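Protein chains in written order, with this note's numbering: chain A, 92 to 277; chain B, 370 to 952.
Backbone N, C-alpha and C define an ideal beta-carbon position, used for all residues, glycine too.
These numbers were taken from a predicted model, which means no experiment stands behind them.
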């Protein structure tokens with residue numbers, strides 16, 4: 092179903108809830124946006140956020156359907172309910188945007204992020220890093236006598252918690268992918 | 370139809386197939402192949418402007434006065450960057466425009482070539498959509514899609530950037546297929562919401578229609594349906610600047626324009642209503658005033674084709690996404706089927722309340738025998754032109770608001786003015802586009818001298834094509850609206866708000882072979898106006914007016930609708946606190 096053909100506001104599952112109850116509390120929402128994979132489409136989406144002063148906590152994008160020329164953009168954003176509704180409606184106006192899904196509203200959804208971290212150290216700190224990695228189900232993907240590179244997958248909070256633990260143990264670099272998310276069930 | 374032709378040939382063929390009869394443009398190196406094609410045919414007429422900003426405002430005037438798409442052709446680099454103001458203007462006022470811009474050849478893109486600019490990057494935020502075509506095979510379909518996107522849903526400006534090698538190369542031309550586009554916005558409103566609105570209309574004690582540019586953009590049928598609905602229900606109707614003419618100014622339910630410089634009765638009705646029916650307007654800040662005190666006791670229905678307009682500024686109780694024409698038709702159907710009910714007793718009281726507000730006569734003024742007052746100049750213009758087939762364009766500022774207050778618009782597509790962006794310099798080139806579309810009509814640009822000077826180079830275009838546009842310049846030797854705000858907000862310190870070194874407008878017109886008229890005496894005004902109206906050719910009319918007139922009534926920024934300043938005595942200290950930070 093194209094986002095532009097959604098009977099807007101008609102169902103709870105619509106991307107556009109035209110009768111929201113507005114509160115002033117900021118909420119965190121995960122949006123999944125299906126777009127035509129054409130040059131500049133990411134710039135249009137990002138330009139919308141910067142031009143209208145919306146927040147981006149994380150953003151991931153990749154082609155998901157080569158024959159259909161579709162890319163999926165996952166954006167984690169924050170704002171009051173009125174702002175979140177406005178973001179979704181504004182995204183829906185972009186011509187090559189086909190679908191806008193608010194996974195936080197339409198959910199429950201599965202969210203995952205991948206991170207790789209370099210931890211440099213020797214002796215007891217090195218052993219402790221390895222022990223914690225085991226608890227967090229992080230994998231060692233590179234090792235020298237004085238360093239590890241860990242790969243960890245999970246919700247952003249889990250990755251943040253692992254990074255916090257690694258910091259006193261010699262964390263020197265971290266790269267995170269941002270959130271990828273899908274609705275649960277069929 | 371499918372056949373092989375050059376990219377430049379495809380451009381011209383696509384214009385013909387899209388029914389384009391006139392293009393406003395300016396040539397340059399990268400656009401030469403297209404200009405060569407233009408030269409070799411007679412179906413599409415090219416109007417050579419004197420500056421690309423003039424081209425796009427002319428196209429806007431053409432589009433707004435016809436309901437058709439305005440087309441602009443410019444070269445790469447400075448050619449297209451000069452259209453950015455017009456693109457933004459058309460985006461904010463929802464005007465369908467197609468800009469065709471030439472680009473350096475594909476193999477030079479990214480090399481900082483001569484007259485290269487990142488056109489799609491620069492125009493991305495100020496178009497509804499834009500395209501860079503790198504393959505001649507995709508040119509025809511992209512051009513047809515561009516026209517489709519510009520006119521569908523909420524109209525707006527689009528741009529197609531065409532590199533020079535793509536213009537030279539050969540590709541296949543195919544005609545437009547209407548079903549080919551994935552872009553198909555919702556036009557039918559939700560029947561459940563429409564029924565809820567009709568139920569609210571049946572019970573409403575103090576209803577008001579608040580209409581906007583969406584009625585005009587929807588087409589003449591929408592204006593007709595609005596008139597039918599207003600007259601059948603007897604509900605009062607007000608409009609934004611963009612919507613003037615959708616309901617006739619002579620209609621008995623007409624309240625006049627609302628908003629910052631709107632009429633007292635219109636704003637009081639908005640403030641006091643219990644049912645507000647927004648038809649194709651967007652709760653712009655010129656309309657709402659202080660949002661927290663905006664129409665506090667009303668149920669608000671909002672009809673808009675763009676879902677992002679709904680709940681953006683004002684929360685809608687009855688939101689209806691759809692095309693105004695379609696939705697009004699359904700409202701009428703449902704309302705008639707349910708027995709054409711209104712709350713007649715309460716409506717009678719509401720109408721007598723409105724009559725009381727009308728008695729304030731917020732637009733009243735007295736013309737003395739010295740300087741011409743701008744209100745008088747426009748009242749006389751109205752009186753002497755009202756029976757003509759008349760189109761009005763305006764620049765931006767005090768004169769624009771006086772024109773909206775004192776001229777009566779009886780039909781849609783008759784007022785072309787820069788509403789959202791407030792672009793000084795819009796009116797003159799816009800009048801050129803209007804005259805191109807309506808060669809026999811009386812086209813008048815109501816201008817201020819400062820705005821008018823911003824695109825006065827278009828005198829050359831007017832002269833070349835002998836377009837009989839009338840430039841009616843209300844000359845107060847001031848940036849009047851800036852001066853007014855400095856008086857209200859900045860202790861009457863008139864920083865750079867006067868027009869020094871003004872030209873002799875009569876001589877300036879004559880230098881282009883155009884008739885010039887100057888008038889400063891109220892006693893001479895009617896004769897001078899008639900001379901302008903009856904002259905078979907373009908006229909520049911320098912109307913010297915009272916220099917310190919303020920545009921009233923006014924809702925001071927940061928104030929609600931029921932706290933209007935009606936006369937000069939109320940202007941002292943009118944804007945205070947946070948209101949001073951608003952624009």
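Item, Value
"Cβ of residue 680/B less than 8 angstroms from any chain A Cβ?", "yes"
"Short of 6 angstroms in beta carbon distance, which residues of its chain neighbour residue 581/B, apart from the five on each side in sequence? Order them along the chain.", "609, 611, 612, 649 and 650"
"Considering only the beta carbon of each residue, do residue 425/B and residue 456/B sit closer than 8 angstroms?", "yes"
"Would you say residue 749/B and residue 632/B are within 8 angstroms of each other, going by their C-beta atoms?", "no"
"Within 10 Å of its beta-carbon, does residue 586/B have 16 or more other beta-carbons around it, so buried, or fewer, so exposed?", "buried"
"Is it right to say residue 236/A is buried, meaning 16 or more other beta carbons lie within 10 angstroms of its own, or is it exposed?", "exposed"
"Measuring only the C-alpha atoms, how far is residue 657/B from residue 268/A?", "43 angstroms"
"Taking DSSP as the reference, what is the three-state secondary structure of residue 731/B?", "coil"
"How big is the Cα-Cα spacing for residue 488/B and residue 113/A?", "39 angstroms"
"Return the chain-ordered ranges of every beta strand (DSSP E) run that is complete within the segment 649 to 695 of chain B and spans a minimum of 3 residues.", "668 to 673 and 687 to 690"
"For residue 241/A, return the contacting residues in chain B, with the cut-off set at a CB-CB distance below 9 angstroms.", "The contacting residues do not exist; residue 241/A stays about 39 angstroms from chain B at best."
"DSSP on residue 920/B, reduced to helix/strand/coil?", "coil"
"Please report the Cβ distance between residue 535/B and residue 502/B, rounded to the nearest whole angstrom; I am assuming they are in contact, meaning their Cβ atoms lie under 8 angstroms.", "6 angstroms"
"If we call anything under 8 angstroms between Cβ atoms a contact, is residue 598/B one with residue 525/B?", "no"
"Let's see if you can read the secondary structure: which residues bound the beta strand (DSSP E) around residue 163/A?", "161 to 170"
"Strictly below 8 angstroms CB to CB, what residues from chain B border residue 142/A?", "494"
"Can you tell me whether residue 562/B is buried or exposed, with buried defined as 16 or more other CB within 10 angstroms of its CB?", "buried"
"In three-state DSSP terms, what is residue 374/B?", "strand"
"Suppose the cutoff is 6 angstroms on Cβ atoms and the five residues either side in sequence are ignored; what does the same chain contact list for residue 757/B look like?", "811"
"Pull up the distance between the alpha-carbon of residue 769/B and that of residue 736/B, whole angstroms please.", "20 angstroms"
"So with Cβ pairs under 8 angstroms, would you call residue 163/A a contact of chain B?", "no"
"Does the distance from the C-beta atom of residue 762/B to that of residue 430/B stay below 8 angstroms?", "yes"
"Give me the chain E residues within the contact set of residue 190/A, using Cβ-Cβ distance strictly less than 9 angstroms, ordered along the chain.", "The displayed structure is made up of protein chains A and B, and chain E is not among them."
"So for residue 106/A, helix, strand or coil by DSSP?", "Caution applies to residue 106/A, whose pLDDT of 49 falls short of 50 and renders its modelled position unreliable; the model cannot decide the point."
"Name, please, each residue of chain A whose Cβ falls closer than 7 angstroms to the Cβ of residue 684/B.", "113"
"What residues of chain A sit near residue 863/B, judged by a beta carbon separation below 8 angstroms?", "Those do not exist, as residue 863/B stays about 33 angstroms from chain A at its closest Cβ, beyond 8 angstroms."
"Give the secondary structure of residue 929/B by DSSP, where H, G and I count as helix, E and B as strand, and everything else as coil.", "coil"
"Looking at residue 217/A: is its Cβ nearer than 8 angstroms to the Cβ of residue 245/A?", "no"
"What residues in the segment 124 to 139 of chain A have a beta carbon less than 9 angstroms from any beta carbon of chain B?", "127, 129, 130, 131, 134, 135, 138 and 139"
"Could you give the C-beta distance for residue 915/B and residue 871/B, rounded to a whole number, given that I count them as a contact under 8 angstroms?", "16 angstroms between Cβ atoms; not a contact."
"Sort 686/B, 629/B and 545/B by Cα distance to residue 766/B and report the nearest one.", "629/B"
"Where does the unbroken alpha helix (DSSP H) through residue 255/A begin, and where does it stop?", "247 to 257"
"Using a Cβ cut-off of 8 angstroms (strictly closer), state whether residue 183/A contacts chain B.", "yes"
"Below 8 angstroms on the Cβ atoms is my guess for residue 142/A versus residue 494/B; work out the distance and round it to an integer in Å.", "5 angstroms"
"Determine, for residue 552/B, whether the minimum Cβ-Cβ distance to residues of chain A falls below 8 angstroms.", "yes"
"Between residue 270/A and chain B, is there a C-beta pair that is closer than 8 angstroms?", "no"
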